[in-house]
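For reference, the structure discussed in these notes is given below.
Residue numbers (my numbering): 1 to 164.
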């Protein structure tokens, strides 16, 4: 079994906890409380590469990620997370569209639940899924972060560069 290492990155939308092995990233989550902080356990080349790619993303220089990732979940959750990776930078889809892409337009709630179980935010872009009425709904990092990420991607897509 591989050791899980941790590092942190202070992004424009808060501190991100990044966890992974030497082979893959398994978690990127927002840290809002001091009790969520775990002492960094030694950077690996992959953790450092992940931080660099996140910096490029926030600087508007990266539209997709090359980092190997792994999330443990059910077959359905894994299917949801794989589908999220197909949502292009700067684009959004509804939960209904996500359900249709998963092959069952009646699984909207299950698709939303799988989206909500994503533990690798930003790289697995669960923030790009919105309500059918174009409303921002559900984001573990908070709706203000979801809005910020979508606006950031929109600015980059439309040539309004934002460097942080």
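Here a beta-carbon is modelled for each residue, glycine too, at the ideal position from N, C-alpha and C.
None of the values given here were measured: they were computed from a predicted structure.
Contact annotation: the region 66 to 78 does not touch the region 128 to 142, with fewer than three C-beta pairs closer than 8 Å. Counting C-beta pairs closer than 8 Å gives three or more between the region 148 to 157 and the region 114 to 129, which meets the contact rule. Secondary structure note for residue 114: its alpha helix (DSSP H) is the uninterrupted segment 108 to 116. Taken through DSSP and simplified to helix, strand or coil, residue 55 comes out as helix. A check of alpha carbon separations from residue 133 across 18, 65, 76 and 95 identifies 95 as the nearest. Looking at the backbone, the Cα of residue 33 and that of residue 9 are separated by about 15 Å. Pairing residue 102 with residue 88, the inter-Cα distance amounts to about 16 Å.
Cβ neighbours of residue 24 within its own chain (closer than 6 Å, five residues either side excluded): 68, 69 and 70.
In the structure shown, residue 5 adopts extended strand secondary structure according to DSSP, grouped into three states.
Annotation: the continuous beta strand (DSSP E) that includes residue 16 extends over 14 to 20.
Taking the C-beta atoms as reference points, residue 20 is found no nearer than 8 Å to residue 77.
Here residue 104 is exposed: its Cβ has fewer than 16 other Cβ atoms, across all protein chains shown, within 10 Å. Within the DSSP bridge table, the entry for residue 27 names 19 as partners.
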